[in-house]
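Numbering (our numbering), first residue to last: 5 to 210.
C-beta: ideal position from N, C-alpha, C; glycine also.
Structure first, commentary second.
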Ligand code: HEM
């Protein structure tokens with residue numbers, strides 16, 4: 005069973021091919037032993053600074069994304085062509101998104117095991133993927149024909165659905181991000197079977 009122990013297996017360069025979940029949990033255990041993770045976790049100011057940047061950039065990224073979605077729904081900037089709103093906001097949104105991903109990854113790196121087994125973090129990652137898929141479908145399907153509806157005060161149905169789904173998903177991502185800090189459903193406490201399954205508590209290090 006030597007290769008089952010997390011850091012031992014990684015130290016030996018041999019990665020167990022048990023279940024992906026167990027492998028990822030072991031990987032997070034190993035991450036938590038690295039100098040960088042310990043330094044960030046134990047830092048007095050660094051973690052709060054990174055988290056503050058994570059929250060501040062959220063205002064830029066999600067604030068601008070909300071304006072774009074509200075324009076699609078015909079609730080603001082109705083006389084401004086959609087492509088013009090997009091052209092002005094997308095560069096700032098892209099920059100904000102990048103900073104959110106980097107600071108988010110650092111927050112995860114500081115507390116990898118707890119974050120990996122956190123139901124809210126898992127929900128947030130799934131919704132981030134769905135938000136990415138929604139944006140991809142919008143750009144591939146709807147935005148390609150923007151010149152057909154660019155001046156319309158209210159965009160076509162597919163565009164409005166995309167905007168509404170985006171608003172709901174980003175709101176849910178913010179709430180689940182905020183909930184990560186609460187330990188109600190942590191694996192170090194007895195949890196209902198469903199929570200324990202969602203959080204992957206069977207792979208949680210004891
Ligand atoms: C780009 C979209 C993202 C949004 C809108 C977002 C939003 C948030 C929000 C609102 C919080 C709560 C901050 C607070 O309570 O002070 C948060 C916390 C957190 N986020 Fe994100 N986040 C995003 C991406 C990510 C990514 C990509 C990761 C990791 C890979 C991540 C990891 C975390 C972690 C670990 C926390 C918990 C920090 C703590 O409670 O100490 N986030 N996020």
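_Let's test the definition: count the other Cβ atoms within 10 Å of the Cβ of residue 11 and tell me whether it reaches 16, buried, or not, exposed._
Along the chain shown, read from residue 1 onward, the residue named residue 11 stands at position 7. With a pLDDT of 48 at residue 11, under the threshold of 50, the predicted position of this residue should be treated as unreliable, though the coordinate-derived value follows. With fewer than 16 Cβ atoms within 10 Å of its Cβ, residue 11 is classed as exposed.
_For residue 71 and residue 14, the rounded distance between their alpha carbons_ = Along the chain shown, one-based indexing puts residue 14 at 10. Along the chain shown, one-based indexing puts residue 71 at 67. Residue confidence is low: residue 14 scores 47 on pLDDT, short of 50, so the model does not pin down where it sits. Its coordinate-derived value is still stated next. So the two alpha carbons sit approximately 46 angstroms from each other.
*Close Cβ partners of residue 189 (< 7 angstroms) along its chain, the five nearest in sequence each way excluded*: Working through the chain shown from its first residue, we reach residue 189 at position 185. The residues are 123, 195, 199 and 203.
_Between residue 99 and the ligand HEM, is there a pair consisting of the residue's CB and a ligand heavy atom that are separated by less than 7 angstroms?_
Reading the chain shown from its first residue, position 95 is the one you call residue 99. It does not: the Cβ of residue 99 is nowhere closer than 7 angstroms to a heavy atom of the ligand HEM.
_Limits of the unbroken alpha helix (DSSP H) element including residue 99_ = Here the question's residue 99 lines up with position 95 in the chain shown. Element bounds for residue 99: 86-114.
*Taking C-alpha atoms, which residue in 44, 101 and 151 lies nearest to residue 87?*
As a working note, residue 87 is residue 83 in the chain shown. Minimum Cα distance to residue 87 is reached at 151.
_Quick check on DSSP: helix, strand or coil for residue 184?_
Counted from its first residue, the chain shown places residue 184 at position 180. Here residue 184 sits in coil by DSSP.
*Can you give the Cα-Cα distance for residue 187 and residue 146, rounded to whole angstroms?*
On the chain shown, position 183 is the one that residue 187 refers to. On the chain shown, position 142 is the one that residue 146 refers to. About 41 angstroms.
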